[in-house]
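Contents: one structure, followed by commentary.
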Amino acid sequence: MMTNVDKSEMKTREELKQNKKEKKEQREEVRDVKIRIRLFPIWLRLIIIVLAVAVSLFAGVAIGYGVIGSGEVKDAFKESTWTHVIDLVKKK
Numbered sequence: 001m002m003t004n005v006d007k008s009e010m011k012t013r014e015e016l017k018q019n020k021k022e023k024k025e026q027r028e029e030v031r032d033v034k035i036r037i038r039l040f041p042i043w044l045r046l047i048i049i050v051l052a053v054a055v056s057l058f059a060g061v062a063i064g065y066g067v068i069g070s071g072e073v074k075d076a077f078k079e080s081t082w083t084h085v086i087d088l089v090k091k092k
């Protein structure tokens, strides 16, 4: 049995323990906040980006050839059209 222990010392120790518990709880709360759950996984994001680029490319070709140019939209996807375009660019 401790006879020299003062009540003020006991209270201080209890306060220190309480402070430690509070700090520990705060650290646990901070850890909980940092956890992030993704709605779309990264691989799905990459596939969506590739598909979006492909759709943009086809839409650009269709609009450029059919609307801005004076051709028909379905002609923009024919092989003969592209060989003609490549021949014009290379020009021997």
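In the working numbering, the protein residues as written are 1 to 92. Even for Gly, the Cβ is constructed at its ideal location relative to N, Cα and C. Fair warning: this is a prediction, and the values are worked out from it, not measured in the lab.
Query	Result
7 angstroms CB neighbourhood of M1 in its chain, flanking five on each side removed	Below a pLDDT of 50, predicted positions are generally treated as unreliable, and M1, at 46, falls in that range; no measurement from the model is reported.
C-alpha gap between E25 and R38, whole angstroms	25 angstroms
DSSP state of F77 mapped onto helix, strand, coil	helix
CA-to-CA distance, V85 to K78, given in whole angstroms	11 angstroms
Limits of the unbroken alpha helix (DSSP H) element including V50	I42 to A62
Simplified DSSP assignment, three categories, for E175	Limits of the chain in this structure are 1 at one end and 92 at the other, which puts residue 175 out of reach.
Between the CA atoms of V53 and R45 - distance to the nearest angstrom	12 angstroms
Where A59 falls, given that 16 or more other Cβ within 10 Å makes a residue buried	exposed
Between the CA atoms of L57 and D75 - distance to the nearest angstrom	15 angstroms
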